[in-house]
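Visitor:
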Amino acid sequence: MNNIENLIKEFKSFQESDPIKNYMQLLNISDTLLHDFPNSLRQEPFYSFTLDVINQLIELRIEIGSRKIYDGSDIDLEIVIREMNLLKSVVPEDKKMQKIINRLFRG
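Numbering (the working numbering), first residue to last: 893 to 999.
Right, dumping it as structure tokens:
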């Protein structure tokens, strides 16, 4: 339980004005969730926290896109990959739902 508390503290602590710092921190949090807690993401407290992280990834992608400061970089792709992997980890293991998630990110 201590690990999730540390992740939540780290998540709440970043309010950098530099989107690249937010980006790096969010990717680290995402990777920790995916690699250290893959079987816990559908249960609380991981479920709510993972949804918060996904929402923040989407916000960051919108912010980066609106500023057009990282055009031509892999940042957007990296964020989308984390969003997709986290979503696939939190939605029910229903095959139809997994297929819908995959279709959302295709193209």
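Glycine residues also receive a C-beta, built at the ideal position from the N, C-alpha and C atoms.
Since this is a predicted model, take the numbers as computed values, not measurements.
Is F938 helix, strand or coil by DSSP?
Guide: DSSP places F938 in helix when its eight states are reduced to three.
Visitor: Buried or exposed for R998, please, with buried defined as at least 16 other CB atoms from any protein chain shown within 10 angstroms of its CB.
Guide: Exposed, since its Cβ has fewer than 16 Cβ neighbours within 10 Å.
Visitor: In three-state DSSP terms, what is N898?
Guide: Reduced to three states, the DSSP call for N898 is helix.
Visitor: Just to check my reading of the structure: F906 and K913 have Cβ atoms closer than 8 Å, yes? What is that Cβ distance to the nearest angstrom?
Guide: At roughly 7 Å, the Cβ-Cβ gap stays under 8 Å, so F906 and K913 are in contact.
Visitor: Tell me where the alpha helix (DSSP H) around D968 begins and ends.
Guide: D968 -> alpha helix (DSSP H) spans 967-982.
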